[in-house]
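Chemist: Chains as they are written, first to last, in the working numbering: chain A, 1 to 235; chain B, 1 to 250.
1. Which runs of the alpha helix (DSSP H), 4 residues or longer, sit entirely within the region 87 to 157 of chain B?
2. Classify residue 189(A) as buried or exposed, calling it buried when 16 or more other Cβ atoms lie within 10 Å of its own Cβ.
3. Would you list the residues sitting across from residue 72(B) in a DSSP beta bridge?
4. Let's test the definition: count the other Cβ atoms within 10 Å of the Cβ of residue 23(A) and tell me whether it reaches 16, buried, or not, exposed.
5. Work out the CA separation of residue 113(A) and residue 66(A) for me, nearest whole Å.
6. Does the CB of residue 150(B) have a neighbour CB from chain A at under 9 angstroms?
7. Take residue 234(A) as the anchor and find which of 223(B), 229(B), 141(B) has the nearest alpha-carbon.
8. Looking at chain B, is there any beta carbon in it that lies within less than 9 angstroms of the beta carbon of residue 186(A)?
9. Contact criterion: CB-CB distance below 9 angstroms. Does residue 163(A) meet it with respect to chain B?
10. Within the continuous beta strand (DSSP E) that includes residue 248(B), where are the two ends?
11. May I have the straight-line CA-CA distance separating residue 225(B) from residue 52(A), to the nearest angstrom?
12. So, at 7 angstroms on beta carbons, what are the nonlocal neighbours of residue 41(B) in its own chain, with the 5 sequence-adjacent residues on each side left out?
13. Quick one: using the 10 Å Cβ neighbour count with 16 as the cut-off for buried, is residue 3(B) buried or exposed?
14. Just the C-alpha distance for residue 238(B) and residue 60(B), rounded to the nearest angstrom, thanks.
15. Give the secondary structure of residue 6(B) by DSSP, where H, G and I count as helix, E and B as strand, and everything else as coil.
16. Could you name the residues of the same chain whose beta carbon sits closer than 6 angstroms to that of residue 167(A), not counting the 5 residues immediately before and after it, in chain order?
17. Can you check which of these residues, 131(B), 97(B), 145(B), 174(B), is closest to residue 63(B) by C-alpha distance?
18. Just verifying my parser: in three-state terms, what is the DSSP assignment at residue 138(A)?
19. Alpha carbon to alpha carbon, how far is residue 172(A) from residue 163(B)?
20. Output, in chain order, the set of chain B residues within a Cβ distance shorter than 9 angstroms of residue 143(A).
21. When Cβ atoms are compared, which residues of the region 129 to 143 of chain A fall closer than 7 angstroms to chain B?
22. Using a Cβ cut-off of 9 angstroms (strictly closer), state whether residue 19(B) contacts chain A.
23. Can you round the beta-carbon distance between residue 225(A) and residue 154(A) to whole angstroms, since I take them to be within the 8 angstroms contact cut?
24. Alpha carbons only, please: which of 21(A), 118(A), 80(A) is nearest the one belonging to residue 70(A)?
25. Any contact of the region 149 to 168 of chain B with the region 122 to 134 of chain B, i.e. 3+ C-beta pairs under 8 angstroms?
26. If we count the other Cβ atoms within 10 Å of its Cβ and call it buried at 16 or more, is residue 227(B) buried or exposed?
27. Does the beta carbon of residue 152(A) sit closer than 9 angstroms to a beta carbon anywhere in chain B?
28. Report the option in 109(B), 34(B), 73(B), 149(B) whose CA atom is closest to the CA atom of residue 137(A).
29. Flag residue 245(B) as yes if its beta-carbon sits less than 9 angstroms from any beta-carbon of chain A, otherwise no.
30. In the DSSP assignment, find the alpha helix (DSSP H) that holds residue 164(A) and state where it starts and stops.
31. With distances taken from CA atoms, which of 208(A), 127(A), 121(A), 141(A) is nearest residue 116(B)?
32. Are the C-beta atoms of residue 59(B) and some chain A residue less than 9 angstroms apart?
33. If you pair each beta-carbon of the region 157 to 166 of chain A with each one of the region 174 to 185 of chain A, do three or more pairs fall below 8 angstroms?
34. Kindly list the residues whose CB is nearer than 7 angstroms to the CB of residue 115(A), restricted to its own chain and excluding five residues on each side of it in sequence; keep chain order.
35. Against chain B, with Cβ distances strictly below 9 angstroms, would residue 98(A) count as a contact?
36. Could you give the first and the last residue of the continuous beta strand (DSSP E) run that contains residue 40(B)?
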């Protein structure tokens with residue numbers, strides 16, 4: 001049997017039999033990516049909206065900075081966070097190196113610029129439409145931000161999923177600050193890298209299949225929601 | 001002077017009338033283009049004022065300037081001697097020529113205004129929708145409404161804020177007779193309740209039906225401000241006379 005076929009069968013077996021180690025890795029991956037996404041959205045959505053609707057000196061420079069940061073190399077981010085949280089670093093006293101917390105911080109640094117930049121682009125478009133109405137109605141800033149985010153919710157969903165995609169598929173930063181420690185900081189992508197280097201292709205492939213399935217399901221859900229929204233002219 | 005309010009303090013403003021509206025030598029430019037040029041007028045009473053004039057005369061910009069949406073380069077506009085401010089703007093409502101509706105249902109559009117002005121419960125919202133011929137439209141997407149329905153929703157939202165000054169930018173342009181009559185009836189009812197109404201229109205018959213005062217504009221200037229009866233029977237200027245008779249103004 002071809003090596004790929006063999007690995008594929010073993011991979012499917014791991015998925016179907018709910019392999020314990022596989023699901024432990026899966027759970028940690030979702031936990032780390034989910035928390036970093038949540039925190040990034042908490043910072044990025046209002047910040048992106050503010051950048052879109054407020055005119056201030058240096059606004060364009062800030063937008064350019066965030067756009068540039070969208071392409072931050074994960075290994076560089078990993079190295080920066082490593083230097084910050086390692087024993088001799090300024091935040092070494094926290095003792096979070098090689099913990100999921102350090103991985104969450106690294107992922108946040110990677111995905112927050114994505115959330116900020118894409119949110120700013122979307123809100124800028126909708127704010128052109130609403131601006132005069134909101135000024136005329138004297139809508140307070142905080143209510144305007146909420147309204148923009150709510151009315152752009154279907155487009156914002158795409159932003160959130162883009163952030164999630166970046167977080168869940170990221171390997172460079174989390175392997176540096178997480179250390180890929182079994183039962184502690186081992187996530188899907190770091191396991192794929194490790195098992196591939198060990199020649200254990202079945203587990204790597206099983207995780208690869210799951211990663212692809214996640215991408216497929218999220219995209220399916222996203223497209224369904226957006227199509228439904230478009231039908232009602234909410235998007 | 002506090003936030004652009006002169007002569008009185010902010011609390012006092014909330015109790016006061018915001019008419020008469022007085023514009024003194026107003027000039028508004030967009031880039032290098034002068035849109036309003038040395039515009040002066042006085043709207044003293046709570047009658048309906050129609051701002052008329054050919055396309056590009058500056059009627060819509062004038063309404064937006066009254067509502068504080070444009071930057072005034074020269075001159076000033078006062079509301080019972082108050083300069084424009086958020087407090088003054090809260091007593092106005094502007095219905096845009098092309099309604100901007102939130103990407104939500106009809107009811108959510110209304111609830112948004114009710115939440116900002118904190119002055120309307122579900123019953124008032126429903127009554128306003130019924131009054132504007134939008135009964136049963138609650139859950140319909142606002143952006144799926146027809147042109148007339150959108151305009152009526154826009155008017156319903158404006159009414160919900162219970163304005164002292166209602167600014168209407170061509171409220172019945174391209175509407176069917178039902179929407180036209182309904183909107184005109186509401187305008188008259190609101191005016192009877194004491195709301196000062198300023199509207200722009202190209203429909204001379206409508207201006208005759210509704211307006212007590214006429215402000216005639218051309219090329220960013222107020223050419224004539226007079227009583228509607230006088231304006232339509234015996235306009236003071238040749239430009240106004242030509243406009244009424246459908247002749248081209250050069």
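Where is the CB? At the ideal position from N, CA and C, for every residue including glycine.
Modeler: Answer, in terms of the structure:
1. 106 to 117, 122 to 131
2. On the first chain, position 189 is the one that residue 189(A) refers to. With 16 or more Cβ atoms within 10 Å of its Cβ, residue 189(A) is classed as buried.
3. The sequence position of residue 72(B) within the second chain is 72, counting from 1. According to DSSP, residue 72(B) bridges with nothing at all.
4. In the first chain, counting from the first residue as 1, residue 23(A) sits at position 23. Classification of residue 23(A): exposed, given that the 10 Å Cβ count is below 16.
5. Start at 1 with the first residue of the first chain, and residue 66(A) comes out as number 66. Start at 1 with the first residue of the first chain, and residue 113(A) comes out as number 113. Residue 66(A) and residue 113(A): Cα-Cα distance of roughly 5 angstroms.
6. Residue numbering aside, residue 150(B) sits at position 150 when the second chain is read from its first letter. No, no contact with chain A.
7. Against the first chain, residue 234(A) aligns to sequence position 234. It is 141(B).
8. One-based indexing of the first chain puts residue 186(A) at position 186. Taking Cβ atoms only, chain B never reaches closer than 9 angstroms to residue 186(A), which makes this a no.
9. Numbered from 1 along the first chain, position 163 holds the residue referred to as residue 163(A). No - not a single Cβ of chain B is within 9 angstroms of the one on residue 163(A).
10. Position 248 of the second chain, counting from 1, holds the residue named residue 248(B). No beta strand (DSSP E) holds residue 248(B); DSSP gives it neither H nor E.
11. To locate residue 225(B), count along the second chain from 1; it is residue 225. To locate residue 52(A), count along the first chain from 1; it is residue 52. C-alpha separation (whole angstroms): 42 angstroms.
12. Numbered from 1 along the second chain, position 41 holds the residue referred to as residue 41(B). Excluding residues within five positions, the ones whose Cβ falls inside 7 angstroms are 23, 215, 222, 225.
13. The sequence position of residue 3(B) within the second chain is 3, counting from 1. For residue 3(B), the predicted model reports a pLDDT of 40, less than 50, meaning its position is unreliable and no value from the coordinates is stated.
14. Position 238 of the second chain holds residue 238(B). Position 60 of the second chain holds residue 60(B). So the two alpha carbons sit approximately 23 angstroms from each other.
15. Your numbering for residue 6(B) matches position 6 in the second chain. Any reading at residue 6(B) must be qualified, since the residue scores a pLDDT of 44, below 50, and its modelled position is unreliable; the value itself is stated next. The answer is coil: DSSP assigns residue 6(B) none of H, G, I, E or B.
16. The sequence position of residue 167(A) within the first chain is 167, counting from 1. These residues qualify, in order along the chain: 33, 36, 37, 107, 111.
17. Working through the second chain from its first residue, we reach residue 63(B) at position 63. Nearest of 131(B), 97(B), 145(B), 174(B) to residue 63(B), Cα basis: 97(B).
18. Along the first chain, one-based indexing puts residue 138(A) at 138. Correct three-state label for residue 138(A): coil.
19. The sequence position of residue 172(A) within the first chain is 172, counting from 1. The sequence position of residue 163(B) within the second chain is 163, counting from 1. Roughly 59 angstroms separates the two Cα atoms.
20. The count along the first chain starts at 1 and reaches residue 143(A) at position 143. Going along chain B in sequence order, the residues near residue 143(A) (Cβ under 9 angstroms) are 112, 115, 116.
21. 129, 130, 132, 133, 135, 136, 137, 138, 139, 143
22. Mapped onto the second chain, residue 19(B) falls at position 19. Taking Cβ atoms only, chain A never reaches closer than 9 angstroms to residue 19(B), which makes this a no.
23. Translated into the one-based positions of the first chain, residue 225(A) becomes position 225. Translated into the one-based positions of the first chain, residue 154(A) becomes position 154. Sure, about 6 angstroms apart at Cβ, within 8 angstroms.
24. To locate residue 70(A), count along the first chain from 1; it is residue 70. Taking only the C-alpha atoms, the option nearest residue 70(A) is 118(A).
25. yes
26. Locating residue 227(B) in the second chain gives position 227, where the first residue counts as 1. Residue 227(B) comes out exposed.
27. Here residue 152(A) corresponds to residue number 152 of the first chain, with the count starting at 1. Yes, because at least one Cβ of chain B sits closer than 9 angstroms to the Cβ of residue 152(A).
28. Indexing the first chain from 1 puts residue 137(A) at position 137. Per the Cα distances, 109(B).
29. Stepping through the second chain from its first residue, residue 245(B) is reached at position 245. Answer no: the Cβ-Cβ gap between residue 245(B) and chain A never drops below 9 angstroms.
30. By 1-based counting over the first chain, the position of residue 164(A) is 164. Here the alpha helix (DSSP H) through residue 164(A) covers 153 to 168.
31. By one-based count along the second chain, residue 116(B) stands at place 116. The option with the nearest alpha carbon to residue 116(B) is 141(A).
32. In the second chain, the residue the question calls residue 59(B) occupies position 59. No, residue 59(B) does not count as interfacial toward chain A.
33. no
34. As a position in the first chain, residue 115(A) is number 115, starting the count at 1. Excluding residues within five positions, the ones whose Cβ falls inside 7 angstroms are 40, 41, 44, 45, 48, 159, 163.
35. Walking along the first chain from the start, residue 98(A) turns up at place 98. Taking Cβ atoms only, chain B never reaches closer than 9 angstroms to residue 98(A), which makes this a no.
36. For this step, residue 40(B) is matched to residue 40 along the second chain. From DSSP, the beta strand (DSSP E) with residue 40(B) extends over 33 to 43.
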